[in-house]
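The sequence shown: position 1 = 1 (full-length UniProt numbering), numbered continuously. Every residue gets a Cβ at the ideal spot worked out from N, C-alpha and C, and that includes glycine.
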Amino acid sequence: MDELQEWLDKMEDYRLPRFEDLPELNLYRDQLLTLVDKYIEPIWLEDGPVVTTSMVNNYVKNGLMPHPEKKRYTREHLAYLIAITFLKQVVSINEIQAGLEVQTKLNGGIAKAFDFFCEKQEQALKMLNHRESGQVLSEKGQSSAYLMVEMVTIAFATKLITKKILMIENTKQDEKS
Numbered sequence: 001m002d003e004l005q006e007w008l009d010k011m012e013d014y015r016l017p018r019f020e021d022l023p024e025l026n027l028y029r030d031q032l033l034t035l036v037d038k039y040i041e042p043i044w045l046e047d048g049p050v051v052t053t054s055m056v057n058n059y060v061k062n063g064l065m066p067h068p069e070k071k072r073y074t075r076e077h078l079a080y081l082i083a084i085t086f087l088k089q090v091v092s093i094n095e096i097q098a099g100l101e102v103q104t105k106l107n108g109g110i111a112k113a114f115d116f117f118c119e120k121q122e123q124a125l126k127m128l129n130h131r132e133s134g135q136v137l138s139e140k141g142q143s144s145a146y147l148m149v150e151m152v153t154i155a156f157a158t159k160l161i162t163k164k165i166l167m168i169e170n171t172k173q174d175e176k177s
C-alpha cells in the first residue's frame, strides 16, 4: 500500500500547463508530440508514447482539432491534444467531440475551456488521495482489492453521468437548430 500512497501523494503535486503557459511559437508535429509527452508523461501509466503521429492525423481528420496551418501547430492545437489525450481514456471520440464543442462554447473559446479542464483534472487527481471527509487512503487501512472495486465503480458512475450530460446537451443543441 505504501507504493500506491506514494503515487497518490505525487498526484497532489501534478500540474498541467495553463493556456498562457503553452508556447506561442508555431510547432512542427514532432515538437507537438514532445510537448504532450512532457506535460502528461509524469502521470501516464501506459507503455509507449502518450500520443503518436497517426493519432494526431486522425484527430484532425475527424474534426476533433483544427487542421494545422502549413504543417505547423499552435498552442490551440496543443491544448486540444492534451485534453483529448485525457478524455479518450474515458469516453469515445464522438463523445469527446461533442464535449469539446459544448465546453468551448460555454467557456468562450479554447483558452478558457482548456484552463477550466486543467483545473478540474488536477482537482480530480487530488480527490483520489482525499476521499470521504479528507481521509488519506493509507489512514483507512483498506486493501488494494477493496480500493480497486471502489475506483472502478466510481469510474463507471462518473462515465455514466458524463454520457447523460452529453445526451442532454446534444438534445438542447438539436432543439436550437
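- Counting along the chain, H77 sits inside the alpha helix (DSSP H) bounded by residues R75 to L87.
- Between V56 and T85, the CB-CB gap reaches or exceeds 8 Å.
- Shown here for H77: same chain residues with a beta carbon closer than 7 Å to its own, the five before and five after excluded, namely L32, M65, P66 and P68 in chain order.
- Exclusion of the five residues before and after N58 leaves no residue of its chain whose Cβ lies closer than 6 Å to its Cβ.
- Between A155 and V90, the alpha-carbon positions lie close to 9 Å from each other.
- Under the 8 Å Cβ criterion, the region 118–128 counts as touching the region 15–32, having at least three qualifying pairs.
- The residue among T74, E101 and E41 with its C-alpha nearest the C-alpha of G63 is E101.
- In the DSSP assignment, T104 falls within the alpha helix (DSSP H) that extends over I93 to N107.
- Nearest to E169 by C-alpha distance, out of E46, G99 and K70, is G99.
- Listed in chain order, the non-local C-beta contacts of T74 below 7 Å within the same chain comprise N26, local neighbours out to five positions each way being set aside.
- Per the coordinates, the alpha-carbon of G48 lies some 43 Å from the alpha-carbon of E175.
- A residue is called buried when at least 16 other Cβ atoms come within 10 angstroms of its Cβ; L160 does not meet this threshold and is exposed.
- In this structure, M11 sits near L128, with a CB-CB distance shorter than 8 Å.
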